[in-house]
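In this note's numbering, the protein residues as written are 16 to 217.
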């Protein structure tokens, strides 16, 4: 089984990329591949999904915690890899975990293709599992930050920013705060995310 791949990115598409590992080229489906550039060296965690009709598919993740959440989502009846990727694409991991724990089907329903009924099924199926992984630290979530992250994302969307670019900007801010073991207030996340968004639009 492939756990992770380290190599050079040779092609980048909206929802996938190709990585060259010692002359072997792997196509990885991604929630979002826009952070990667061709000829960039990268290490990606991998989930292999088997479909009876199409055979094996590889899904790549920058963070081990994202792969963990992806695997949990796949255990829910009616949730396949495409919908699981949509959850990770449309919502920050912290927000997904928080919504599951609080039973917030409205937030999860914002994901394209995930209606209220399926969101409620997802919550019922994953609440205990997510709590267990959260306590073990395998989802890597700063619990106190989830509410401020949700508030920041809603504020950015209210300013007219697209859901995907908002999520990616906030994700980038949150990653830097986790690495530095810091917690930010909503206005601080907003300020840092707006700075990133302004650079991308420049």
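Ideal placement from N, C-alpha and C gives every residue a C-beta, glycine not left out.
These numbers were taken from a predicted model, which means no experiment stands behind them.
When secondary structure is reduced to three states using DSSP, residue 131 falls in the helix class.
In the assembly as shown, residue 40 is an exposed residue. Its beta-carbon has fewer than 16 other beta-carbons within 10 Å. Along the length of the stretch 62 to 115, whole beta strand (DSSP E) runs at least 3 residues long occupy 70 to 76, reported in chain order. Counting of Cβ neighbours within 10 angstroms places residue 202 among the exposed residues, the total staying below 16. In this chain, residue 124 is not harboured by any beta strand (DSSP E), its DSSP state being neither H nor E. Under the three-state reduction of DSSP output, residue 58 falls in the strand class. In this structure, DSSP gives residue 165 a helical state, which the three-state scheme calls helix. In this structure, residue 97 places its C-beta atom within 9 Å of the C-beta atom of residue 128. The Cβ neighbour count for residue 80, taken over all protein chains shown within 10 Å, is at least 16; the residue is labelled buried.
About 6 Å separates the CB atoms of residue 208 and residue 167; that is less than 8 Å, so the two are in contact.
Closest in C-alpha terms to residue 180, from the list 198, 44, 49 and 35, comes 49. With distances taken between CA atoms, residue 141 lies nearest to 87 out of 22, 87, 212 and 122.
Going by DSSP, residue 33 is part of the beta strand (DSSP E) stretching over 31 to 36. Inter-residue distance for residue 170 and residue 164 is about 10 Å (C-alpha atoms, whole angstroms).
DSSP, reduced to helix, strand and coil, places residue 177 outside both helices and strands of the structure shown, so it counts as coil. Taking residue 111 as the centre and dropping the five residues before and after it, the same chain places the C-beta of 84, 102, 103 and 123 closer than 8 Å to its C-beta, in chain order. For residue 39, the uninterrupted beta strand (DSSP E) segment begins and ends at 39 to 44.
Relative to residue 59, the option among 71, 189 and 31 whose CA is nearest is 31.
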